[in-house]
Every structure is written in C-alpha cells, then in structure tokens.
Amino acid sequence: MKITSETERILRKLLTEQSLGALATSVQESPYVNLVAFAVSEDLRRIVFSTPRATRKFENLSTNHRAAMLVDSRSNSISDFHHAAAVTAIGPTDEITGAAYTKSRDLYVSRHPHLADFVDSPSSALFHLQVSIYILVRDFQRVDTITFDR
Amino acid sequence: MRTIISIGEITDEDKGRVGGKSFVSASLDSRGLKIPAGLCVTTDVYQRFIDEFGLRERIMMELSRKKLEDMRWEEIWDAALRIRTLFLKERIAPDLLRELIENLATAFGSRPVVVRSSAPGEDSELVSFAGLHDSFVNVSGAEAITEKIRLVWASLWSDRALLYRKELHLNVEESTIAVLIQELVLGEVSGVGFGRNPINDDQAVIEAVWGLNEGLVDGRVEPDRWILDRGSGRILSHIPARRSEAVFPGEQGTELRALEARLAEKAPLDGTGVESIFRMINPLEETLGSPPDFEWTLKDGELFVLQARPITTGRGEGDSEGKAWENPDRRPWYMSLQRNFDNLNVLRERIENEFIPEMEAETKRMAEVDMVQMTEDELLVEIESRERIRDRWNGIYWSEFIPFAHGIRLFGQVYNDAVRPDDPFEFMNLLDAGEAESLERNRMIEDLADIIRKNLVVKNRLEQGEEGGTSFERVLAEFMDKFGDLSCGVSQCTTGREGIISIASKMASSPPRPRRNAKTSDRLLQQYLAAFPEDQRQWATEVLELGQSSYRMRDEDNIHLARIEGQLLRALDENKRRHPGEENLPGILSKDAAGEKSQNHTTMKSQANGGKAERTEKLIVTPRQMVGQPASPGLARGPARVIKLTPDLSLVEAGEILVTDAIEPEMTFVVPLVAGIVERRGGMLIHGAIIAREYGLPCVTGIPDADKIIRDGEDITVDGFLGIVIIHNSR
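Going line by line, the protein sequences match chains U and B.
To convert, take the position in the first sequence, counting from 1, and add 662; that gives the working numbering.
To convert, take the position in the second sequence, counting from 1, and add 36; that gives the working numbering.
Here it is in structure tokens:
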C-alpha cells in the first residue's frame, strides 16, 4: 500500500500544478536566477527542464553542475502569507542525451505541449536536476526537509 | 451600495450582508410586529475594516500557525486573545469612521442602544450561534457605539466562536459578521418564549423576569415559567421563581440589583400578559418558517420583539448535564466555559474554601495510613477507595477548576480593553501576587545553590558525599519537610536528598537567574488602575484579584491533584512490593494512561513510538523549522535535553534547551537551569509558559511531537518572539 503523507501531498501538488520554477545556478562568485518551465518525474526524484544552449544558465550549468530550483504557489495576493507554499529542490544537473532523452522529452512536452518546438530545436538542451533534497516551506514559517529512502 | 441600512429598508437582496438577526428583525417589522428601531452595519463594513490595513491576513496567519482541529482549546483561547487585541488596536480608516459616526449620530443621537452581532448563517434551524458572539446593552453616543461595534466584530474570532466552528466544521476563512444596533427599550418586564417546548411538541413555553432580560439569558436571574398548550394557548402550569434580583440599566451597561419587595412578591406577568405573548408565536412562526425561540420586553403596555430565531434542533443541549467534556459534541462544554464575574466569584469561594482544604485533608489522611500492616483484602479495598477518590477529584478538576481558569481570561480581557497594550499577554505580569508553590520551591533550591556558591567548604563536602554543614542542612531539611523530594508528585518520592543536592550544585555552577522585576508589576498595576474612572477602580481591583486567584489555582490544583494521585501510586506500590513481578491491578494504571486525553493533567509518556522522521514509501520528511505559539519572548540556542521519563530530569545541565511533552508544576525545578523551553502542549497559561516568563526564558509551546522529533543533544534554536523552533544539525 502506498503511504501518502500530508507533506508529500503538498510537495507533489506544488511540483505537478506549477509550470514555472526559479532556477538558481552559479559560477565562481556569480549567482544567477531565472524562470524555467519544468516537469517532475512520478517518483519526484528528477526535475526536467530545457534551455537554449546560448544562455547564461547553460553556460553556468556546463561549469558548475549543482543547482537549486524554487517552485511556489504564490498568487501575489495577501493570502499568500498563510496559503502559499514553496519548495526548493537542490541537487546536481546533467544534460539528458542518448536513450533517456525520449522519455524525458515526452515527460516535458506532456506537461508543456506548447513548448514542443522549443525543446525539439537543435539549439536547445534538455536537463534534469537530480534532487538530493527538497526544502518545503508552508504556513509562513514551517520548514521540512524531504529526502529519498535510497 | 448601501453599507449601513436602517431595519425598515432591508430587502431580500440584503440577506447575505445583514446577517440572520437583522434580516429576521426586518421581516418582523414588515409584518407589523413591534421591534425596536435600529440599523444594520453590514458585513461590507466589516470587510472594509479588515481589508484596509491587512487585518484579514493577520487573522489568518494567526490561525494557520496550526490547523484549528489540531489546537487544544487553550491554544484557541490564546489565538482568540491575540486576534481580539488586533481588533482593539487596529485603526478604522478615516472615511469609514466618519461614515459610521454620521449614521449612528443621525439614527440614535445620545439615546441608549443595544449593539448585537448579526452573523450570516447564524440562527438557522440547524445551527444556532446564540450567545456565541458579543452583545452590548445600554451604550450611548456614536463614538461609544463604534467601539462596541469593533468588539462585536472581534467576537467573530472569540475562542467560543472558533471552537464552535471547529466542532461544526464551518469554514473559518469565510466567516463574516454584521452588527445590528437597536434602541434600548427599557421594559418593565422581559423574557423569552419558545413556540415549542423542546421536550414536548404539544406545548409552548414562556419565561419572564422583572426588568431587562439580560439576567435571564445569561442565567443570573431565575425566571417565572409558564407551560402552555401549543394549540390553544391554555396555561397548563406556572412555575414561580424565587424572585430576589433583576437586571436594570446602569450608567453604562447594566446592573444586577435587588428587587423591591412589592415586585418580588408578584409574578412579572398575569394571565393576560402571558396570553399576549403567546399570541406572538404564530406570526413569528410564519415569518421564520418554524417554531420560534424569541426574546421580548413589555414597556408601557407595548410588547416588543427583541430578537427571534428558529428553535435549533442540532444544539446537543441534552448533553450539557454530567460530564460534558467527555461528550463527542463538546459545544455545550465550550459554552459552559464562559463564566461571568459573579459566577467566577462563587466558583472561587468554593475552590479556595471547600475543595483545596478538602484535597489537603484527603491527602493527609491517606498519607497517614500504614498500608504495610494491612491484610491482602484490606489493601485491595484501600486501593479501590483511593482510585475512587482520584476519579472524583479528576471530575471536579474538569467541572470546577478548569472553568475557573477563565478568571485569568476575564482579567486579561478587562486589562486589554482598558489598557490596550501592544503585548496581549502583558496582563500576566500582574497575576502572581502571591508566590505560587512551584516558585517557592525553586526559591528554596536557589537558597541552597547560593550557600554552595558562596562556600567552598560546603561545595567540597557535598562533592565528597558528606553533609553540607549546619546552614545547608537546615535549609535542606526545611525543603524536604515542605516539599518531600524533587520527584514527589511526579511519581513517588524516590530521589531523596541526593536529587536536590545535585540540582542545587548545578545551579551553583552559574550565577543566579533573576526573576522578573517586581517594579514592572507595580508600574503595570498603576497603569491598569489609571485606565478606569475613580468609581470603577474597586471593581477593576476585584477583577484583578479574581484573576490572581485563578492563576494561582492553575498551578496549585495540579499539585494537589498530583499528590492525591501519588497516594494511589503509593498503595499500588505496596501491592507491587508484596507481589513482585506481577502486573499491576488491571484497570487502574490504564486509567492513568487514559488521563493523557485530558491534556491538562498529563502523565509523562513513555519512550515508545518515538519516531523521528515521517516516512512514506520512498520519502523521508524531517522537520527543520517548526511553528508553535510564542509563549515567552527571547532567543536561545543550545543542545536539546529531551525529557521523556521522570529520571531524565536529573540529567538536565545548565544552558540546555528543555524539550518535553508537557511541563508539570512538579517538574519546574529544573527551569532555572535551562536556556529555553520547547513544549508539545500549547498555550500561554500552561506551566512551562508561565514559569518561562517568570524567569525571562524564551519558550515555544504547541510543537506537535516535540519530544519525538527533537533528539537529545541536537543543536536547536528557540525563537520565543515568533514561536519558532529550528533544528540546526545537518538538515
């Protein structure tokens, strides 16, 4: 029987209902954050996103594989303070190539059908963030860490 | 859009924003029934008020610290008090204030009014919020009325209202409220009527008192009662009251006064009067669509309907007898927690002069019994007798001591209304006029520590396991004479002098921890009394004294109850001594474990089920930052000392953060040693919070499973300002 905790329910809801996340990359002393469309794998262990190869984030990820992504449910209204939740996923990233590409590409496109041309473009790369840890914040101040039973 | 509407102008379209009470009044008015003139401040005005400066979100943030269904009723009390302070302190936007003042001044001038809640959805046939929200009788002047409107708005978030909604699973976030303001009709006779007797469908009931009906509604004045045939209106019986007092208007508000002899001898209604009230039932029933529960008053021969609602079918009133706190539907119990000043004073008299002396005598009698000499049968009878005694006092604890705790709340509310402090719990600084027993015990341990601190010879002797010298031994003997040893009350007195010496020695290794400065209390007392006009200071002092007694009792009742429990444990231990290896008598200790459900009188829980992280199939969820109640301000970081079993108390070292399920008064001797406190049990008035404030220690309460989530020695921060606990280690 699958056990689903309240925490996992909130985490899964965030990652499956939100389309965009803020991806944080860094090289040397230069942090950089930008929005990316993403899709999450069923087991929540991988977050897939795409980027043109000529971008600063691609350049950063090519040098430093470690990244973090913030996904949140804010609506830019005052009720966010008690309603919204935010999760930061942290882990190494890799460009997806070879046999794994098609499956990950389909996951991404099924979540963002309007981005099929974008991801299929020869100038785009498909990445996944292999989540080591999630840090979930809700109820304004409540923080849980979520890791995987490996 | 009309946001303030006179009763005569209310239409069907306004139903959602004028609330149940206003809408019914308008319906009665349109049917030609006589009602006091008035107007409704709609829910739109309330919404404007809470949206203007972000009050709505502050309320929701306060209530989302924890799910309402996971909060203990004391935590809900605290949240309600914080929210009430927000309402008291919040500005009313100038244009809104002007609109209110102009409308109120035009409608009422300086004539006295009644300010009542009128919440949408209240007073339906299935759900009655009768008495849940505040009403104010005899208020004069637009400014004064506006202040009462503010309080009626705040009462939407009172502990009772929140508990009620929690019980009915009503959506708290969508709650809103209108306010009905009507001219005060100074009736000579007032009362209530029931279109159908709740216990007999063929009957109607009319009750009447002299003066205003406020005393009848809140139970202070006994009414004359008539039972009538519902079909014909024939009087079937009249149950006269013992008429001695009645409620009349005071300068502001109302007063309970002795009744003149000529009125006391006479029923407030004659047959014709009863008949005229009965005749109102039909039109009321036609308006409401079901038999009414209504309030009326009679002035100069004219009969006014003050308010009317359908008789509620889902109130669960039948449960209010007996152990209401054990019923699945706790609404009657919640309602019973609301006690007024007079009622609390009666309770105080009984607790101080009857129950406490009786508990002391009972404990002394049991302590003097020599059980070693008893036969097996005698011991069994003694155990059963002690179990009955314990159960009896547990019952009294719930029915008398817990409601008496409302005395603290009453004082807090009076203090906050008068002083309007930034800290809604500032009033607690005035509560400990006398020294609570646990603080007295801590003071004596500090005396011992001080001797050790100042005298190296004593310190060395004690370290060698020798006696500490005359003065030390004298204070130690005095301590043991008064309190037994440190474990007395928690379990049996087993740690002996070594336990006390160990704690005193640890305390001696660091400077004494100062308690709150008495000067603060003096300044606050002056501030409190100065907030009242001269002629109300006596009353203000009496409310303070009531609060102080109630506060003292929060500590002492548990100590006395624990001593009675201790005597039962003593008998069980005698049985165990005779039958080593056997299980304890079935059914007795299991009741101790069941005591946990009481939440207030908890025994420490075993280490079983000490799960650290929540595991689902593949995910491991580990709390990193937990949110509870900010019970005592301050910030501290240090290693956690998790107390799960009584002996763990002896392990506490100076500078540690005490983490436990619930600090009982008997455990508080370790508090002067620690740097902060984290407790599973929530609330401002629990012992952990009280003693933390006393010593100026940061304290966060209401952290679910605190003693299971946090491990011994873990590096943690207690943020007593925000009510947050952070676990730092590698997470």
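By construction, the Cβ of each residue, glycine as well, lies at the ideal position given by its N, Cα and C atoms.
At what residues does the beta strand (DSSP E) containing residue i begin and finish?
i	result
Phe508 of chain B	No beta strand (DSSP E) contains Phe508 of chain B, which is instead part of the alpha helix (DSSP H) from Thr506 to Phe519.
Asp755 of chain B	Asp751 to Asp755
Gly683 of chain U	Leu682 to Val689
Glu219 of chain B	Ala214 to Glu219
Ser772 of chain U	Counting along the chain, Ser772 of chain U falls outside any beta strand (DSSP E), though it belongs to the alpha helix (DSSP H) covering Ala762 to Arg773.
Glu436 of chain B	Per DSSP, Glu436 of chain B belongs to no beta strand (DSSP E) and is neither H nor E.
Val707 of chain B	Premise fails: Val707 of chain B is in no beta strand (DSSP E) and is neither H nor E.
Do residue j and residue i come within 8 Å of each other at the CB atom, strictly closer than that value?
i	j	result
Leu320 of chain B	Gly231 of chain B	yes
Gly74 of chain B	Glu183 of chain B	no
Asp806 of chain U	Pro740 of chain B	no
Ser211 of chain B	Gly55 of chain B	no
Ile43 of chain B	Ala62 of chain B	yes
His774 of chain U	Ser681 of chain U	yes
Lys57 of chain B	Leu199 of chain B	no
Val657 of chain B	Ile672 of chain U	no
Ala730 of chain U	Ala686 of chain U	yes
Arg674 of chain U	Val793 of chain U	no
Gly724 of chain B	Leu671 of chain B	no
Leu732 of chain U	Phe789 of chain U	no
Ile347 of chain B	Pro460 of chain B	no
Val836 of chain B	Val455 of chain B	Nothing in the structure corresponds to residue 836 of chain B, since chain B is present only between 37 and 767.
Arg716 of chain B	Asp743 of chain B	yes
Glu88 of chain B	Ile137 of chain B	no
Ser474 of chain B	Ile727 of chain B	yes
His596 of chain B	Glu396 of chain B	yes
Ala607 of chain B	Ile419 of chain B	yes
Could you give the first and the last residue of the continuous alpha helix (DSSP H) run that contains residue i?
i	result
Phe377 of chain B	Phe377 to Arg386
Ile432 of chain B	Glu412 to Ile432
Ile112 of chain B	Trp109 to Lys125
Ala303 of chain B	Segment: none, Ala303 of chain B is in no alpha helix (DSSP H) and carries neither H nor E.
Leu320 of chain B	Ile317 to Leu324
Gln792 of chain U	Segment Ser786 to Gln792 is the beta strand (DSSP E) holding Gln792 of chain U; no alpha helix (DSSP H) there.
Met96 of chain B	Leu91 to Leu99
Ser724 of chain U	Arg718 to Thr725
If contacts are defined as beta-carbon pairs under 8 Å, then residue i and residue j qualify, I think. What distance do you get, rounded to the angstrom?
i	j	result
Glu281 of chain B	Asp260 of chain B	About 14 Å separates the two Cβ atoms, so there is no contact after all.
Asp705 of chain U	Ser100 of chain B	About 30 Å separates the two Cβ atoms, so there is no contact after all.
Asn452 of chain B	Leu124 of chain B	6 Å
Ile213 of chain B	Thr79 of chain B	6 Å
Arg551 of chain B	Glu730 of chain B	6 Å
Ser545 of chain B	Ser686 of chain B	Not quite, the Cβ-Cβ distance comes to about 15 Å (not below 8 Å), so this is no contact.
Gln665 of chain B	Val736 of chain B	7 Å
Please state whether DSSP places residue i in a helix, a strand or coil.
i	result
Leu685 of chain B	helix
Met640 of chain B	Annotation note: pLDDT 31 at Met640 of chain B (below 50); position unreliable, coordinate value reported separately. DSSP places Met640 of chain B in coil when its eight states are reduced to three.
Phe447 of chain B	helix
Leu248 of chain B	strand
Lys335 of chain B	strand
Leu492 of chain B	helix
Lys664 of chain U	Low per-residue confidence applies at Lys664 of chain U: pLDDT is 44, beneath 50, and the placement is therefore not dependable, though the value from the model is reported in the following sentence. Residue state, collapsed to three classes: coil.
Met662 of chain B	strand
Asp811 of chain U	coil
Gly56 of chain B	helix
Gly68 of chain B	coil
Phe281 of chain B	Note that residue 281 of chain B corresponds to Glu in the displayed sequence, not to Phe. Three-state result, Glu281 of chain B: strand.
Glu390 of chain B	helix
Pro693 of chain U	strand
Leu295 of chain B	coil
Glu715 of chain B	strand
Ser626 of chain B	Per-residue confidence for Ser626 of chain B stands at a pLDDT of 36, beneath the threshold of 50, marking its modelled position as unreliable; the derived number appears in the next sentence. Ser626 of chain B: helix per DSSP, three-state reduction.
Glu730 of chain B	helix
How about residue i: is its C-beta nearer than 8 Å to some C-beta of chain D?
i	result
Ile119 of chain B	Of the chains in the structure shown, none is chain D; the protein chains are U and B.
Mind checking whether the beta-carbon of residue i lies closer than 7 Å to any heavy atom of the ligand MG?
i	result
Glu679 of chain U	The ligand MG is not part of this structure, which contains no ligands at all.
Next item on the list: Can you give me, in chain order, the residues of the stretch 738-757 of chain U that have a beta carbon less than 7 Å from any beta carbon in chain B?
Entry: Ile740, Ser741, Phe743 and His744
Margin query: Please identify, using Cβ separations under 9 Å, the residues of the stretch 733-754 of chain B that lie next to chain U, in order along the chain.
Written below: none
Next item on the list: Note down, in chain order, all residues in the stretch 779-795 of chain U with a beta-carbon under 8 Å from any beta-carbon belonging to chain B.
Entry: none
Margin query: Any C-beta of chain U within less than 8 Å: which residues of the stretch 72-97 of chain B qualify?
Written below: Gly90, Arg92, Glu93, Met96 and Met97
Notebook entry, point to check: Using a Cβ cut-off of 7 Å, which residues of the stretch 667-689 of chain U contact any Cβ in chain B, in chain order?
Noted result: Ser667, Thr669 and Glu670
Item checked: Contact set between the stretch 701-714 of chain U and chain B, restricted to residues whose Cβ is under 9 Å from the partner -> Asp705, Leu706 and Arg707
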